[in-house]
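Q:
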Amino acid sequence: MIHKKQFKAMGCQMVAGLDSKSKRAAERLAQVPVWFEEWEAVLSRFREDSELSRVNRSAGLEQTVSSVFWQVFQLALETERRSGGIISPLVLDALLQAGYTQSFETLPARMAAGSAMGYPAAALDGRIHTMDEALIDWDGASHSIRLAPDAHLDFGGVAKGWAAHTAMRKLEIYGSALVDAGGDIAISGLQANGQPWPVGIADPFQEGGQVDLLKAGRCGIATSGTDFRRWKQGKIWQHHIIDPRTGNPAKTDVLSATLVATDVIEAEMAAKMVVILGSRDGLSWLEDQPGIEGLLILENGNKLNSRKFSNYLWE
Amino acid sequence: MNQKKSHPRKPNTGMRGVKYMILSVGLTSILGFWGLFSRQAAAAGLVNPSSSGNNNTLYLQPSGSNFIVLPAVPTLVPQGAPGSSQGGVPFNFNQAPQSSFGFFQNGSSFGQFNRPSPFATTRSSR
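Taken in order, these protein sequences are the chains called A and B. Numbering-wise (the working numbering), the first sequence opens with residue 1 and increments by one. Numbering-wise (the working numbering), the second sequence opens with residue 316 and increments by one.
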């Protein structure tokens, strides 16, 4: 029997599913929104009282952080290392500069007005700080962090992927579990009847449409794109995926990229990587990644996919 | 001459009567029961089974105004599958029932039975 729970958290629509006959399954599933609320209170940059906001406000000072903060921080470092610096947790100032100053749920009215969000239009210096510049010191023994005075963190998709993965791990004790955190999906394995979970890929050109249906066992699925979280700053369309090489929203021909990987954290990292790199370099990078397959939908409507992506398609 | 006087045999009228009686009772019984069963069969409507081509319902059409409707087994849907006929309600292939896990939602039809509705959808953050 599949139990299902839908709720909103982290500015996104969440879905959790648990295939279990256990009497405690529904009770456990009801806890998922509570977990997300606790994590959001630590990791959100849009909450003044979150731990992340506190750390960012205290840049320059050494601070001891919670276990959840530390886990996500370590994951962000690992993601930056694996992506060669293309995905950095230090893009917050660039995001603010581009106009992404508040939770996206509150942006549409301002988009319609074409406002620049009240932030000055001054350009960044054209670069993003990276970990190599020693702008962050940390100590694993005490879980303490010290940001350089001009460095600020934003965990973004890493936090969402971590939350989906962690919730899935907490649910899988009771049966096959799926947790969808705003499009980043963690799956513990096949359903109890041996069937894969059916996972749709949203059509970036048509709200509510679907371009393909995936069959998913134990894996992670994530989509990154410039199709939804975009806004107008002055006369220029901006989006939330920053290219650290320029300090600006990535100039890319990829409208959305859907990646299937071993887990959702890896899939999320790969999806963002492909969008930032663009279709040619992104697909080339993707073909060198064992165990990661993907579908790219381009601004011109064309679709490209890695060689084994069709293995995941529902016939 | 001592002749034996032969006497014609008198018919055994007693035995003959018994035979006639047995035969009469037998025939009467057969005809009686035949008639009785015929009337009961007509009253019960056990005549002329026919089927309708419009759906999967099998009708046993009686002579009277009331008739019995038996739910037929849907031959195109695996037993136990979502949408299979239950509780005497014929399955309507054009109307998709809801299920607790998302299958057959959004009006999917028989032709999409093996391609379920997504349980979740991956998309850029929203």
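The beta-carbon is built from N, C-alpha and C at its ideal position, and this holds for glycine as well.
Kindly indicate if chain A contains any beta-carbon less than 8 Å away from that of F348/B.
A: Reading the second sequence from its first residue, position 33 is the one you call residue 348/B. By this cut-off, F348/B is not an interface position.
Q: List the residues of chain B whose Cβ lies closer than 9 Å to the Cβ of G217/A, in chain order.
A: If you number the first sequence from 1, residue 217/A lands on position 217. Chain B residues near G217/A: none, gap ~13 Å exceeds 9 Å.
Q: Measuring alpha carbon to alpha carbon, tell me which residue in S306/A, D203/A and Q63/A is nearest S284/A.
A: One-based indexing of the first sequence puts residue 284/A at position 284. Cα-wise, what sits closest to S284/A is S306/A.
Q: Smallest Cα separation from Q206/A: which of L214/A, M168/A, S256/A and I241/A?
A: Numbered from 1 along the first sequence, position 206 holds the residue referred to as residue 206/A. For the residues L214/A, M168/A, S256/A and I241/A, the minimum Cα distance to Q206/A belongs to S256/A.
Q: Please list, in chain order, the chain B residues whose beta carbon lies closer than 7 Å to that of V15/A.
A: Indexing the first sequence from 1 puts residue 15/A at position 15. Those within 7 Å of V15/A in chain B are A435.
Q: Under the assumption that T262/A contacts G278/A (Cβ atoms under 8 Å), give the Cβ distance between them as a whole number of angstroms.
A: In the first sequence, the residue the question calls residue 262/A occupies position 262. In the first sequence, the residue the question calls residue 278/A occupies position 278. Between G278/A and T262/A the Cβ distance is about 24 Å, and since that is not below 8 Å, they are no contact.
Q: Helix, strand or coil: which one does DSSP assign to I136/A?
A: Stepping through the first sequence from its first residue, residue 136/A is reached at position 136. Strand.
Q: Can the beta-carbon of G157/A be found closer than 8 Å to that of E268/A?
A: Within the first sequence, numbered from 1, the residue matching residue 157/A stands at position 157. Within the first sequence, numbered from 1, the residue matching residue 268/A stands at position 268. Result yes, Cβ atoms of G157/A and E268/A sit closer than 8 Å.
Q: Under 8 Å between the Cβ atoms of V264/A and G182/A?
A: The residue labelled residue 264/A in the question sits at position 264 within the first sequence. The residue labelled residue 182/A in the question sits at position 182 within the first sequence. Their beta carbons are not under 8 Å apart, which means V264/A does not touch G182/A by this criterion.
Q: Note the first and the last residue of the continuous beta strand (DSSP E) segment covering M14/A.
A: Position 14 of the first sequence, counted from the first residue, corresponds to residue 14/A. Residues C12 to D19.
Q: Could you tell me which chain B residues have their CB closer than 8 Å to the CB of V199/A, listed as they occur along the chain?
A: Translated into the one-based positions of the first sequence, residue 199/A becomes position 199. Under the 8 Å cutoff, chain B gives P433, F434, A435, T436 and T437.
Q: With a cut-off of 8 Å, does the C-beta of L298/A fall near any C-beta of chain B?
A: In the first sequence, residue 298/A corresponds to position 298, counting from 1. With 8 Å as the cut-off, L298/A does not count as an interface residue toward chain B.
Q: Taking CB distances under 8 Å as the criterion, tell me whether G225/A reaches chain B.
A: Here residue 225/A refers to the residue found at position 225 when the first sequence is read from its first residue. Chain B, which has a Cβ nearer than 8 Å to the Cβ of G225/A, makes this yes.
Q: Pull up the distance between the alpha-carbon of P386/B and that of G17/A, whole angstroms please.
A: In the second sequence, residue 386/B corresponds to position 71, counting from 1. In the first sequence, residue 17/A corresponds to position 17, counting from 1. Any reading at P386/B needs caution, since the residue's pLDDT is 43, under 50, leaving its predicted position unreliable; the model's value is listed next. One C-alpha to the other measures close to 34 Å.
Q: Pick from F309/A, R146/A, D184/A and V15/A: whose alpha carbon is nearest that of R438/B?
A: Indexing the second sequence from 1 puts residue 438/B at position 123. Minimum Cα distance to R438/B is reached at D184/A.
Q: Against chain B, which members of the segment 150-182 of chain A pass a CB distance test of less than 8 Å?
A: Per Cβ criterion, the list reads G157, K160, L178, D180 and G182.
Q: Please classify R280/A as buried or exposed, where buried requires at least 16 neighbouring CB atoms within 10 angstroms.
A: Within the first sequence, residue 280/A is the residue found at index 280, counting from 1. Flag for R280/A reads exposed.
Q: Within 8 Å (strictly less), CB to CB, does S316/A reach chain B?
A: Here chain A comprises residues numbered 1 to 315, so residue 316/A is not present and cannot be evaluated.
Q: Does any C-beta atom of chain B lie closer than 8 Å to the C-beta of G314/A?
A: The residue given as residue 314/A occupies position 314 in the first sequence. For clarity, residue 314/A is Trp in the given sequence; the question names Gly instead. So, interface residue.
Q: Name the DSSP bridge partner or partners of I265/A?
A: Sequence index remark: in the first sequence, residue 265/A carries index 265 (1-based). DSSP output for I265/A lists no bridge partner at all.
Q: Over what stretch of residues does the beta strand (DSSP E) that includes H3/A continue unbroken?
A: Along the first sequence, one-based indexing puts residue 3/A at 3. Start and end: I2 to A9.
Q: Does any CB atom of chain B fall closer than 8 Å to the CB of I185/A?
A: To locate residue 185/A, count along the first sequence from 1; it is residue 185. Chain B contact via Cβ: present.
Q: Report the CB separation of L298/A from V274/A in whole angstroms; it is logged as a contact under 8 Å.
A: Position 298 of the first sequence, counted from the first residue, corresponds to residue 298/A. Position 274 of the first sequence, counted from the first residue, corresponds to residue 274/A. In fact, because the Cβ distance is near 11 Å, the residues do not count as touching under 8 Å.
Q: Of the choices Q13/A, L29/A and E315/A, whose alpha-carbon is the least far from that of S20/A?
A: Here residue 20/A is taken as the residue at index 20 of the first sequence, counted from 1. Taking only the C-alpha atoms, the option nearest S20/A is L29/A.
Q: DSSP three-state call for K58/A: helix, strand or coil?
A: Counting from one through the first sequence, the residue named residue 58/A turns up at place 58. One detail in the question is off: residue 58/A reads as Ser in this sequence, not Lys. Three-state result, S58/A: coil.
Q: For D243/A, which residues of its own chain have a beta-carbon under 6 Å away from its beta-carbon, when the five flanking residues on both sides are left out?
A: Residue mapping note: residue 243/A aligns to position 243 of the first sequence, counting from 1. The answer, listed in chain order, is A250 and I276.
Q: Under 9 Å between beta-carbons, which chain B residues line up against I265/A? List them in chain order, please.
A: Translated into positions along the first sequence, residue 265/A becomes position 265. Those do not exist, as I265/A stays about 14 Å from chain B at its closest Cβ, beyond 9 Å.
Q: Cutting at 6 Å between CB atoms, please list the residues of its own chain near Y62/A, excluding the five before and the five after it.
A: For this step, residue 62/A is matched to residue 62 along the first sequence. For clarity, residue 62/A is Glu in the given sequence; the question names Tyr instead. Only S144 and R146 meet the Cβ criterion.
Q: What separation, rounded to the nearest whole angstrom, lies between the Cα atoms of W70/A and N429/B?
A: Position 70 of the first sequence, counted from the first residue, corresponds to residue 70/A. Position 114 of the second sequence, counted from the first residue, corresponds to residue 429/B. Between W70/A and N429/B, the C-alpha separation is close to 44 Å.
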